[in-house]
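To start, the structure under review is shown below, and the notes come after it.
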Amino acid sequence: MNSGNDFEVKDLKLAGQGRMSIELAERRMGIMGILKERFAKEKPFKNLTIGMALHVTKETAVLVRTLVAGGAKIAITGCNPLSTQDDVAAALAEEGIAVYAYKGESNEDYYRYLEKVVKAKPQLTIDDGGDLVGLIHTKHPELIPSIIGGSEETTTGIIRLRAMEKDRALKYPIIAVNDNKTKHLLDNYYGTGQSTLDGILRATNILIAGKKVVIGGYGPCGKGVSMRAKGMGANVVVTEVDAFRALQAVLDGFEVMPMREAAKLGDIFITVTGDKNVITVEHVKLMKDNAVLANSGHFDVEIDVKGLEKLGKKRRVRWQLDEYSIGGKKIYLCAEGRLVNLAAAEGHPSEVMATSFAGQALAMEYLVKNRGKLKPGVSMLPESLDDEIAGLQLNSMGVKIDSLTEEQKKYLSSWKEGT
Ligand code: ADE
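Converting from the sequence shown to this note's numbering requires adding 2 to each position, the first position being numbered 1.
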C-alpha cells in the first residue's frame, strides 16, 4: 500500500497506466470535455470541496478532472470493496487528488476511507449507493449545516435516500441523478447489459450461446442484461415480483416464472433487483451441476453468499470465480456475489458513463447555483438539463437531428385541428 498525507492507494507505480486509461476514457466521453472547458472558464466550484464515494474507475477519474477544472477540491473513496481500478487511483493520487481506495479493500478500510472523505468537510457530496450520506447523517451531523447538497448515482442509493426522506431523516437536498433519462435509460440499460456479461465472461470464459440464463429483475438493468444475453444466443428466463415488468418481459419474448422453478432450469443466474435474498440456499439446492451465479445489483445481498458458504466447500478456481462443492455437484459464484461488472470487468464503458457523469457534473453546478433555495429531500435535475445532456452528447458524437418547424409546434400546441 502507498499512502501520503492525503491519499491511500495500492501502488503509485501504476500511475502511468492509469493516466493512459483515463486519457482513453476522456476521448470517449466527449460531453465531459465540453463541460470541463466551460467549468474551467466559469469556476462554479471555486473554494468548494466535493466528497465522493463512487467506483474509482477511469470514467470516474474523468468526472474528477472535470470538477477540478471547475475549481473543486476533491476527496474521493470507492463505493464497493472490489471495484477500484488501482492504476486509476494511483494516477489520481499523483495528480494531487485526495483518493483513498484499493481493489480488495477490507471492510475496516472501506469505512475508514469514508471517514477520511468526511474529514475533508465537503460542502457537496456525490454518492453511489448512499454510504457517504448515511455516514454524515448518522455519525457526523455537525457537517450538515455547511453542506449545500448532494447527488446520488444509483437506484439502490435512491431507495435508501427516499426511505430517509420518508422518516424525515434526510437533512439536505439530494439530486437523484439516477432518475435522469440520460442516466437510467442509457447507463442501466446499455451499460449494465454489456458490462455484466463482460464480467461473467472474464470470470468464467463460459459460452453464452445455448445456455439458459435466468435474470432476476426486469428493471432497466435487467432489461439490458436480458437483451445482451439474448443477443449472444442465450435462452432468457426472467423472474420478477412486479406484474407490469413481468408482462413487459413476456411481451419482449422471454419466459417468466418464479425463481423456485427457474432454479431447476438455469445454467447461468444473474441478479439485478436491488433487493436481498433473490437467490437463497433453497434455490441453490434445486440448481443443476455447474450452474454459475453472478450479481450485478449494487450490494452483495442478492445472492445468499453466507448461506452458500455454509452449504458447500469453497475453492477459488479462477480469478473472481469460486467453486462450491455441494453434495455431488459444483456451483460457481462470480466475484463473491459483488457487482460482477465492476469486480470482474471494468464497469460500464466510457461512452455510456459520459451521460451519467455529465448528469453528476451538472447536478453539482445546479446545487451551487441554487444554494439555500432547495429543501432537504430527494429531487430530480430539471428536465431541460437532462435534455441538454442528450443534445451535447449527440453533438460530441457528430450526430445531427431535425427540429420542429413553426407549423409543427403550432400543431402540437393546438387542440382544434382534428380529422
Ligand atoms: N458504475 C458502473 N460502471 C461504472 C464505471 N465505469 N465508472 C463508475 N461507476 C460505474
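In this text, a Cβ means the ideal position worked out from N, Cα and C, and glycines have one as well.
Since the structure is predicted, the reported quantities are computational estimates derived from the model, not experimental observations.
On the three-state DSSP scale, how would you describe A211?
-> It is coil, neither helix nor strand.
Taking T79 as the reference, give the member of D130, G35, R67 and I33 with the closest Cα.
-> Of the listed residues, the one whose Cα sits closest to T79 is D130.
Ends of the alpha helix (DSSP H) at K308?
-> Where K308 is concerned, the enclosing alpha helix (DSSP H) stretches over V307 to L313.
Coarse secondary structure for N49, derived from DSSP in three states = In this structure, N49 counts as coil in the three-state DSSP scheme.
On the three-state DSSP scale, how would you describe R21?
-> R21: helix per DSSP, three-state reduction.
Exposure label - I281; buried when at least 16 CB within 10 Å | With 16 or more other Cβ atoms within 10 Å, it is buried.
For M382, name the three-state secondary structure that DSSP assigns.
-> Assignment of M382 by DSSP, reduced to helix, strand and coil, places it in the coil class.
If you draw a straight line from the C-alpha of K287 to the C-alpha of N109, how long is it?
-> Looking at the two C-alpha atoms, the distance is approximately 29 Å.
For Y112, the first and last residue of its enclosing beta strand (DSSP E) = Note, Y112: premise wrong, no beta strand (DSSP E); alpha helix (DSSP H) at N109 to K121.
Tell whether a beta-carbon distance below 8 Å holds between A248 and E257.
-> Contact flag unset, no.
Under three-state DSSP, which class holds K377?
-> Coil, per DSSP.
Supposed contact pair N343 and G201 - C-beta distance, whole angstroms, cut 8 Å = By a beta-carbon distance limit of 8 Å, G201 contacts N343. Their separation comes to about 4 Å.
Just confirm the distance between the C-beta atoms of I270 and V294, as a whole number of angstroms; I'd bet it's less than 8 Å.
-> Here I270 really is in contact with V294; their C-beta atoms are around 5 Å apart, less than 8 Å.
Can we count S386 as close to the ligand ADE, meaning its CB is less than 7 Å from some heavy atom?
-> Short note on S386: C-beta not closer than 7 Å to any heavy atom of the ligand ADE.
What residues in its chain sit with their C-beta under 7 Å from that of L116, if we drop five residues either side in the sequence?
-> Answer for L116: A55, T79, D133, L134 and L137, listed in chain order.
Three-state secondary structure assigned by DSSP to L69 | L69 falls in the helix class under three-state DSSP.
The beta strand (DSSP E) enclosing C437, as first and last residue numbers = With the chain covering 3 to 421 only, the question about residue 437 has no answer from this structure.
Would you grab the beta carbon distance between A296 and S153 for me? Rounded to a whole angstrom, and I think it's under 8 Å.
-> Not really, about 28 Å apart at Cβ, beyond 8 Å.
Helix or strand or just coil, what does DSSP make of I138?
-> Looking at I138 - three-state DSSP - the assignment turns out to be helix.
Under a Cβ-count criterion, where at least 16 other Cβ atoms within 10 Å of its own Cβ denotes burial, should Y102 be classed as buried or exposed?
-> When all chains shown are included, Y102 counts as buried.
Return yes when at least one heavy atom of the ligand SAH lies under 7 Å from the C-beta of S153, else no.
-> Because the ligand SAH does not appear in the structure shown, any question about it cannot be addressed here, the ligands present being the ligand ADE.
Put F246 into one of helix, strand or coil per three-state DSSP.
-> Helix at F246.
Alpha-carbon to alpha-carbon, N182 and G321 = Before going further, note that residue 321 is Trp rather than Gly in the sequence given. N182 has its alpha-carbon roughly 35 Å from the corresponding atom of W321.
Reduced DSSP secondary structure (H/G/I, E/B, other) of R320 = Of the three classes helix, strand and coil, the one that applies to R320 here is strand, per DSSP.
8 Å contact criterion, which G2 and D388 should meet: CB distance rounded | With the chain covering only 3 through 421, there is no way to say anything about residue 2.
Contact check, L396 vs I403 under 8 Å by CB: the rounded distance?
-> Indeed they touch by this definition, with Cβ atoms about 7 Å apart.
Does the ligand ADE have a heavy atom nearer than 7 Å to the CB of E61?
-> True, at least one ligand heavy atom lies under 7 Å from that Cβ.
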